[in-house]
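These notes are about the structure you will find just below.
Numbering (our numbering), first residue to last: 1391 to 1623.
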């Protein structure tokens, strides 16, 4: 299959983007130690990707806060009762069957049964360097989509009156991807921060997701370029 070069289209779209900080919210999706800290996580992205996401996200989120942009962290936490009832991996049939046959989606990780971010567990936490007291936490996410069953839309629309959503987090090809599509469907301008996202399934899945979003539904740009746009108003 031939992959057509769409870089010209993406550049044209990026050049046309304008971002007003007063109409913007920074949203992290599943930016948790489960994916970014090998001392506690079971589905950690590859080492170089974790280091990139942590380093770039720290600079980017601090830059957003300095411009008065609210930061929201949306992520999965599960009650022990949910796990006891057999609710794992978001209830997704694809993931459940993969777990049952011990097939790992991530080439660098073995298949294993996990607690999936029980409330209060170390793996459920957002890395401390990425959090400030002013940040808002949406901890009722249960599926791929950060909007589904949570108050995220209320916060964006009613509390912050946002028009633009800057998305970072893990995994690029599932939860970031799904949340970005919903943001677009709800009428927001979604901008994926390309150096602040990664996938446990590897760089190929990460890059494929970025390419698909940039071709059809969202702006995909590095953090320094986004901060420049925000600074220029």
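Note that CB positions come from ideal geometry on N, CA and C, so glycine has one too. Please read all numbers here as calculations on a predicted model, not as lab measurements.
Need the endpoints of the alpha helix (DSSP H) that residue i sits in, please.
i: residue 1474; result: 1470-1474
i: residue 1467; result: That residue, residue 1467, is in no alpha helix (DSSP H); it is neither H nor E in DSSP.
i: residue 1453; result: 1437-1456
i: residue 1406; result: 1397-1406
i: residue 1424; result: 1423-1426
i: residue 1574; result: 1567-1575
Please classify residue i as buried or exposed, where buried requires at least 16 neighbouring CB atoms within 10 angstroms.
i: residue 1610; result: buried
i: residue 1507; result: buried
i: residue 1391; result: exposed
i: residue 1471; result: exposed
i: residue 1423; result: buried
i: residue 1591; result: buried
i: residue 1475; result: exposed
i: residue 1539; result: exposed
i: residue 1369; result: This structure cannot settle anything about residue 1369, because the visible part of the chain is limited to 1391 through 1623.
i: residue 1595; result: buried
i: residue 1625; result: Any question about residue 1625 goes unanswered here, given that the chain covers just 1391 to 1623.
i: residue 1616; result: buried
i: residue 1559; result: buried
i: residue 1405; result: exposed
i: residue 1395; result: exposed
i: residue 1563; result: buried
i: residue 1464; result: buried
i: residue 1441; result: exposed
Does the separation of the CB atoms of residue i and residue j fall below 8 Å?
i: residue 1555; j: residue 1407; result: no
i: residue 1580; j: residue 1588; result: no
i: residue 1557; j: residue 1516; result: no
i: residue 1411; j: residue 1459; result: yes
i: residue 1603; j: residue 1578; result: no
i: residue 1468; j: residue 1509; result: yes
By DSSP's criteria, residue i is part of a beta bridge. Which residues make up the other side?
i: residue 1417; result: 1462, 1557
i: residue 1581; result: 1556, 1609
i: residue 1508; result: 1468
i: residue 1588; result: 1560
Please list the terminal residues of the continuous beta strand (DSSP E) segment that includes residue i.
i: residue 1529; result: 1526-1531
Problem - Sufficient close CB pairs (3 or more, under 8 Å) joining the segment 1543-1551 to the segment 1392-1402 - result: no
Problem - Contact between the segment 1517-1530 and the segment 1432-1439 (3+ Cβ pairs under 8 Å) - result: no
Practice task
Evaluate contact between the segment 1598-1609 and the segment 1441-1459, counting only Cβ atoms and requiring at least three cross-stretch pairs below 8 Å.
Solution key: no
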